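S.K.: What follows is a structure written as structure tokens; I'll ask about it next.
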Amino acid sequence: MKKRLFILSQYLLPHHLLSRLAGCIAECRVRWFKNAFTAWFAKRYQVDMSQALVEDLTAYEHFNAFFTRALKEGARPLDETPGAILSPADGAVSQLGPIEHGRVFQAKGHSFSVLELLGGDAAVAAPFMGGDFATIYLSPKDYHRVHMPLAGTLREMVYVPGRIFSVNQTTAENVPELFARNERVVCLFDTERGPMAVVLVGAMIVASIETVWAGLVTPPKRELKTVRYDEAARQPIHLEKGAELGRFKLGSTAIVLFGPQQVQWAEGLVAGSPVRMGQGLASPT
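Residues 1 to 285 (full-length UniProt numbering) make up the sequence shown, in order.
Right under this line is the structure:
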């Protein structure tokens with residue numbers, strides 16, 4: 001009964017209003033409030049501050065600065081195995097495997113369309129048909145910056161408006177097409193291995209998603225928006241392997257897509273496996 005009520009609430013709650021309120025709280029600079037809230041959160045979710053560049057919780061100007069905190073140099077060493085494809089974030093592997101019949105596995109009995117995930121453009125989705133995917137869930141205690149699994153040149157960014165369902169095991173198992181329905185930012189890269197997409201998926205109370213090249217990515221009217229970066233008039237944006245790509249202000253999920261025969265997942269990597277940014281997620285085929 002509790003699970004049914006929770007799922008029902010996901011459809012009834014005003015997602016965007018709640019997220020805006022969460023954003024206001026997360027950006028609050030009132031010292032006593034932001035210090036108390038940050039301390040409560042760190043204790044509640046057992047956040048390890050020993051690896052943070054700034055360990056003092058009271059030194060952050062607001063909660064979001066704490067949540068998107070930088071780490072000390074060397075805290076996330078990159079796998080130096082030749083050709084290693086890195087985990088883009090700290091978290092746990094929600095699912096991974098082949099993209100079959102144009103769909104990505106979500107949970108038992110559920111999958112979602114690559115075409116819809118990437119914004120509905122068949123030309124954008126085509127290179128990933130028959131490829132591979134990995135879905136990584138970032139929990140509240142995790143480091144919330146997302147990094148490049150491979151060196152790549154940004155070709156296109158697509159903002160896809162949508163709902164903001166909570167993202168967890170319960171919603172994955174009960175909300176059809178969850179990741180293709182939530183608000184998201186699709187980042188398309190050309191790499192030495194072929195096409196790569198990194199999709200930053202929002203969730204309830206995720207106040208915003210940022211990228212290092214565009215800053216806050218939320219168009220005023222929340223309409224589908226595509227920005228191409230491979231045009232002659234634009235300066236190419238190239239990011240090295242392990243470089244920061246973007247960050248979540250309050251949570252969620254990163255999905256990485258590769259084309260056919262580009263990657264071979266690391267031995268022993270399965271749904272539920274914990275991962276850290278920089279560890280080897282896969283190797284070239």
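Heads up, the beta-carbon is just placed ideally off N, CA and C, and yes, glycines get one too. Just so it is clear, the structure is predicted and the values come from calculations on it, not from any experiment.
Pull up the distance between the alpha-carbon of THR38 and that of HIS101, whole angstroms please.
M.R.: Taking the straight line joining both Cα atoms gives about 44 angstroms.
S.K.: Could you tell me which of GLU240, LEU86, GLU177, ALA26 sits nearest to VAL167, measuring between CA atoms?
M.R.: Measuring from the Cα of VAL167, the nearest candidate turns out to be GLU177.
S.K.: Whole angstroms is fine: what's the gap from LYS34's alpha carbon to CYS28's?
M.R.: Straight-line Cα distance between these residues: approximately 6 angstroms.
S.K.: So, does the region 112 to 124 touch the region 73 to 84, judging by three or more C-beta pairs under 8 angstroms?
M.R.: Judged by Cβ distances under 8 angstroms, the region 112 to 124 makes no contact with the region 73 to 84, as fewer than three pairs qualify.
S.K.: Beta-carbon within less than 6 angstroms of ALA151's beta-carbon, same chain only, minus the 5 sequence neighbours each way: which residues are those?
M.R.: These residues qualify, in order along the chain: GLU240, LYS241.
S.K.: With 16 other CB atoms within 10 Å as the buried threshold, where does HIS144 fall?
M.R.: Buried is the call here.
S.K.: On the three-state DSSP scale, how would you describe ILE209?
M.R.: Three-state result, ILE209: strand.
S.K.: Tell me LEU257's beta-bridge partners as DSSP assigns them.
M.R.: Answer is PHE133, ALA197, bridged to LEU257.
S.K.: Based on Cα-Cα distance, which residue from ASN182, HIS110, ARG193 lies nearest to PRO149?
M.R.: Here the closest residue by C-alpha is ARG193.
S.K.: Tell me the rounded alpha-carbon separation between SER111 and VAL104.
M.R.: Approximately 5 angstroms, taken between the alpha carbons.
S.K.: Measuring CB to CB, does ARG276 end up less than 8 angstroms from SER87?
M.R.: Yes.
S.K.: Do you know whose CA, among VAL160, PRO127, LEU21, lies nearest THR218's CA?
M.R.: Among VAL160, PRO127, LEU21, the Cα nearest to that of THR218 is on VAL160.
S.K.: Thinking just about the alpha-carbon of each residue, which of LEU138, PHE189, ALA134 is nearest to the one in ALA271?
M.R.: Ranking the options by Cα distance to ALA271, first place goes to ALA134.
S.K.: Could you give the distance in angstroms between the alpha-carbon of ALA203 and the alpha-carbon of HIS147?
M.R.: Roughly 19 angstroms separates the two Cα atoms.
S.K.: Go ahead and label GLY215 buried or exposed: buried means 16 or more other beta carbons lie within 10 angstroms of its beta carbon, across all protein chains shown.
M.R.: Classification of GLY215: exposed, given that the 10 Å Cβ count is below 16.
S.K.: Measuring CB to CB, does ILE209 end up less than 8 angstroms from VAL185?
M.R.: Going by C-beta atoms, ILE209 is nearer than 8 angstroms to VAL185.
S.K.: Only counting the same chain, and skipping five residues up and downstream in sequence, which positions put a Cβ closer than 6 angstroms to that of TRP213?
M.R.: Closer than 6 angstroms at Cβ, skipping near neighbours: ILE237.
S.K.: Nearest to TYR60 by alpha carbon, out of PRO77, LEU281, ALA42?
M.R.: Minimum Cα distance to TYR60 is reached at ALA42.
S.K.: Leaving out the 5 sequence neighbours to the left and right, which residues in its chain are closer than 8 angstroms to VAL54 when beta-carbon positions are compared?
M.R.: The residues are TYR60, ARG69, ALA70.
S.K.: Check each candidate in THR285, GLN106, LYS249 and name the one with the smallest Cα separation from TRP265.
M.R.: It is THR285.
S.K.: Quick check on VAL30: buried or exposed, where buried means 16 or more other Cβ atoms within 10 Å of its Cβ?
M.R.: VAL30 is exposed by the Cβ-count criterion.
S.K.: Return the Cβ separation of GLY91 and SER139 in integer angstroms, given the expectation that the two are a contact with Cβ distance under 8 angstroms.
M.R.: Going by Cβ atoms, the distance from GLY91 to SER139 rounds to 6 angstroms, so yes, they are a contact pair.
S.K.: State yes or no: is the C-beta of MET196 nearer than 7 angstroms to some heavy atom of the ligand SAM?
M.R.: The ligand SAM is not part of the structure shown, which contains no ligands of any sort.
S.K.: Mapping the DSSP letters down to three states, classify LEU169 as helix, strand or coil.
M.R.: Note on residue identity: the sequence assigns Gln, not Leu, to residue 169. DSSP places GLN169 in helix when its eight states are reduced to three.
S.K.: Rounded to the nearest angstrom, what separates TRP32 and ARG76 at their Cα positions?
M.R.: Cα to Cα, the separation comes out at about 32 angstroms.
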